[in-house]
Amino acid sequence: SAVISQKPSRDICQRGTSLTIQCQVDSQVTMMFWYRQQPGQSLTLIATANQGSEATYESGFVIDKFPISRPNLTFSTLTVSNMSPEDSSIYLCSVDRTSGRAPYEQYFGPGTRLTVT
Amino acid sequence: GENVEQHPSTLSVQEGDSAVIKCTYSDSASNYFPWYKQELGKRPQLIIDIRSNVGEKKDQRIAVTLNKTAKHFSLHITETQPEDSAVYFCATRGGGADGLTFGKGTHLIIQP
């Protein structure tokens, strides 16, 4: 499986500010995904990021709040904008396995633990 | 959109006994059903998955069964060990969506 890293691993931010989370993969992948895991909860898909096109957002998530970039096949960023305490969560990126057949297995990065004060 | 229900939310079993976690889904177009294990402070780890053209899959002490007609799938862990203690999530994929829809999770506790 691909090796996925995220930066930062954790951060404490003030409300009203923005944080950009980076996701780096050690191989080229077509699909990258961003999920949110609120404290003690399950994972919720925020958006799908394809290289060369606009990200596709799930219901309840908007581009103004969570802008995403996907400049190439190994890298993506998620920005959490104008943060409030309700944004305190773990943010995880994930990628599809690059071999085999669809539907593909999906692997997760280590996550970014965000606390908004 | 897809809705995934997972039960139970907490499961406590004696070491050596079996554990079963069940999930139901709503989208008949879903065609991929993975299970993830998440230990405290760690990322979700894929432990087993099943595709819609298969009814059962086994990997050592772990098995997954799928009933597409009834739209439910289950995780079976036999001979449970202390290291099996974790939160387990079921998920679905397919029906035109590429991301995963997760159940709410099951906290599995293995009692020594």
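So the sequence lines, in the order shown, correspond to chains A and B.
Positions -5 to 111 (my numbering) are the ones given, in order, by the first sequence.
Positions 164 to 275 (my numbering) are the ones given, in order, by the second sequence.
We put the CB at the ideal spot given by N, CA and C, even for glycine.
Computed from a prediction, not measured in an experiment: that's the story for all the values here.
So, with DSSP's three-state summary, where would you put residue i?
i, result
"residue 245 of chain B", "helix"
"residue 90 of chain A", "strand"
"residue 81 of chain A", "helix"
"residue 49 of chain A", "coil"
"residue 3 of chain A", "coil"
"residue 185 of chain B", "strand"
"residue 75 of chain A", "coil"
"residue 55 of chain A", "coil"
"residue 41 of chain A", "strand"
"residue 9 of chain A", "coil"
"residue 251 of chain B", "strand"
Out of the options, which has the shortest C-alpha to C-alpha gap to residue i?
i, options, result
"residue 230 of chain B", "B/214, B/242, B/262, B/240", "B/214"
"residue 80 of chain A", "A/66, A/31, A/18", "A/31"
"residue 227 of chain B", "B/165, B/174, B/186, B/271", "B/186"
"residue 82 of chain A", "A/51, A/34, A/-1", "A/34"
"residue 28 of chain A", "A/20, A/57, A/-5", "A/57"
"residue -5 of chain A", "A/108, A/109, A/107, A/102", "A/102"
"residue 46 of chain A", "A/78, A/23, A/52, A/53", "A/23"
"residue 240 of chain B", "B/221, B/254, B/216, B/234", "B/221"
"residue 110 of chain A", "A/5, A/16, A/-3", "A/5"
"residue 168 of chain B", "B/268, B/275, B/261", "B/268"
"residue 245 of chain B", "B/235, B/274, B/253", "B/274"
"residue -1 of chain A", "A/53, A/87, A/98, A/91", "A/87"
"residue 197 of chain B", "B/272, B/243, B/173, B/208", "B/208"
"residue 104 of chain A", "B/171, B/173, B/203, B/174", "B/203"
"residue 64 of chain A", "A/3, A/108, A/26", "A/26"
"residue 183 of chain B", "B/173, B/263, B/217", "B/173"
"residue 188 of chain B", "B/205, B/237, B/210, B/272", "B/237"
"residue 250 of chain B", "B/256, B/223, B/199", "B/199"
"residue 252 of chain B", "B/271, B/216, B/165, B/224", "B/271"
"residue 264 of chain B", "A/61, A/48, A/84, A/36", "A/36"
"residue 190 of chain B", "B/206, B/234, B/223", "B/234"
*Could you run through the stretch 42 to 53 of chain A and flag, in chain order, every residue whose CB is less than 8 Å away from some CB of chain B?*
42, 52, 53
_Length at least 3, wholly inside the stretch 210 to 239 of chain B: the beta strand (DSSP E) runs in chain order_ = 219 to 222, 225 to 230
_Does the contact criterion of 3 or more C-beta pairs under 8 Å hold for the stretch 68 to 75 of chain A versus the stretch 6 to 14 of chain A?_
yes
*Mind listing which residues of the stretch 15 to 43 of chain A have their C-beta closer than 7 Å to chain B's C-betas, in chain order?*
25, 27, 36, 37, 39, 42
*Check distances from the C-beta atoms of the stretch 77 to 102 of chain A to those of chain B and list, in chain order, the residues that come in under 7 Å.*
86, 97, 99, 100, 101, 102
_Under 8 Å: do the stretch 40 to 54 of chain A and the stretch 177 to 195 of chain B share three or more Cβ pairs, one atom per stretch?_
no
*Residues in the stretch 262 to 273 of chain B with C-beta within 8 Å of chain A's C-beta atoms, listed in sequence order?*
262, 263, 264, 265, 266, 267, 268
*Proximal residues, the stretch 181 to 197 of chain B versus chain A, C-beta separation under 9 Å*: 194, 195, 197
*Listed in chain order, which residues of the stretch 223 to 252 of chain B have Cβ atoms closer than 8 Å to some Cβ of chain A?*
252
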